[in-house]
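Q: Would you mind keeping the following structure in view while I ask a few things?
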Amino acid sequence: MKELLKKLRKYEIRIRKAINSHMQGDFHSVFKGSGLEFDDVRLYQYGDDIRHIDWNVSAKGHGTFVKTFKEEKEQNVFFVVDVSASQDIGKPNRKKIDISKEIASVLAMSALKEASSVGLLCFSDDKERYVKPNKGNKHAYQLIGELFRLKPKSPKTNINRALGQTLSMIKRKSIIIVISDFVDENYERHLKALCRKHDLVVIHVGDDRETTFPRIGIAPLYDKEAGKTIWVNTSSREFRNNLDKFYAQNRLELSDLVRRNGGNYTFINAQEDYVPKLVQLFKVRNSGRK
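In structure tokens form, the structure reads like this:
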């Protein structure tokens, strides 16, 4: 755990330095409150938005009053991390699940440094682990420890159920960061609902091994979620084309769905350095707040 935390701190510092030195604005704006909360009322002035008129106060006969608002200073950041068996693909220590856990941990450390409350839901086809949102270094170590020690009970995936559970648990508008390989279907309705209700960030994790097969003819493939072996012709052009089309189409449709509904999306290859992709993601988020 000590070596892991050292590695995560190094990545977190790289991200913070890149954002602070290469962007207008700073790292703080990535995790600051995105909403407005009621502050006070004052007399209406020419040019004020009439939608902000407080009719209850104005009805007392002392003038027309408008509501004033202030930016929320605190922000909830909630991670929804896929720990199903389909994530257990890739090279040792660089599997999709390893990278997903690292990204969640690095971003959790960053958010906690900005005084945000951070929570976690790990899922397969059910809730595997839930950590209630809280603040502070002690909470960061607890959350990271829970994430890396977790041994999922089920190998299967149900993204729709996980997103539905998130909608039920998180009532206050929050930054919701979903990290998954999205090898599932029929989750679009809840994903749209999260976009409407919260500030959604989707981090789509993939791996070269999902599409880059050696041409060795008939070969066995083990489906970890189903727990069975299937035989495929790895030299078949149709097989390879269908596989490439499935993953490419999945990425394209998911990216379009998230962005059309106001969320942020990025794809990260588990075999590559993910820090530049996170920096670019935050650059987009910062520019969107200007």
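If you read the sequence shown in the UniProt record's numbering, its first letter stands for residue 1, the second for the next number, and so on.
Where a beta carbon is used, it is the ideal one built from N, C-alpha and C, also for glycine.
(1) What are the residues that DSSP puts in a beta bridge with residue 372?
(2) DSSP three-state label for G206, please.
(3) Is S236 helix, strand or coil when you go by DSSP?
(4) Can you tell me where the beta strand (DSSP E) with S180 in it begins and where it stops?
(5) For the alpha helix (DSSP H) that K138 lies in, which residues bound it at each end?
(6) What did DSSP end up calling P92 once you bin it into helix, strand or coil?
(7) Considering only DSSP beta bridges, list what V41 is partnered with.
(8) Starting from N269, trace the beta strand (DSSP E) both ways and give me its first and last residue.
(9) Secondary structure at I170, three-state DSSP: helix, strand or coil?
(10) Please list, in chain order, all residues of the same chain as L167 whose beta carbon is under 8 Å from its beta carbon, the five residues on each side excluded.
(11) What is the DSSP secondary structure of V279, reduced to helix, strand or coil?
(12) With DSSP run on the structure shown, which of helix, strand or coil describes N158?
(13) Just to check my reading of the structure: V279 and A18 have Cβ atoms closer than 8 Å, yes? What is that Cβ distance to the nearest angstrom?
(14) Could you give the C-beta distance for D184 and T157, rounded to a whole number, given that I count them as a contact under 8 Å?
(15) With H, G and I counted as helix, E and B as strand and the rest as coil, what does DSSP make of V106?
(16) How long is the line joining the alpha carbons of I230 and N93, rounded to whole angstroms?
(17) In the DSSP assignment, find the beta strand (DSSP E) that holds V131 and state where it starts and stops.
(18) Buried or exposed, going by whether 16 or more other CB atoms sit within 10 Å of the CB of A59?
(19) With E128 and L163 assumed to form a contact (beta carbons below 8 Å), what rounded beta-carbon distance in angstroms separates them?
A: Based on what the coordinates show:
(1) Outside the modelled stretch of the chain, which goes from 1 to 290, sits residue 372, for which no answer is possible.
(2) strand
(3) coil
(4) 175-180
(5) 137-149
(6) coil
(7) K67
(8) 264-269
(9) coil
(10) H190, A193, L194, K197
(11) helix
(12) coil
(13) 5 Å
(14) 5 Å
(15) helix
(16) 26 Å
(17) 127-134
(18) exposed
(19) At roughly 15 Å, the Cβ-Cβ gap does not stay under 8 Å, so E128 and L163 are not in contact.
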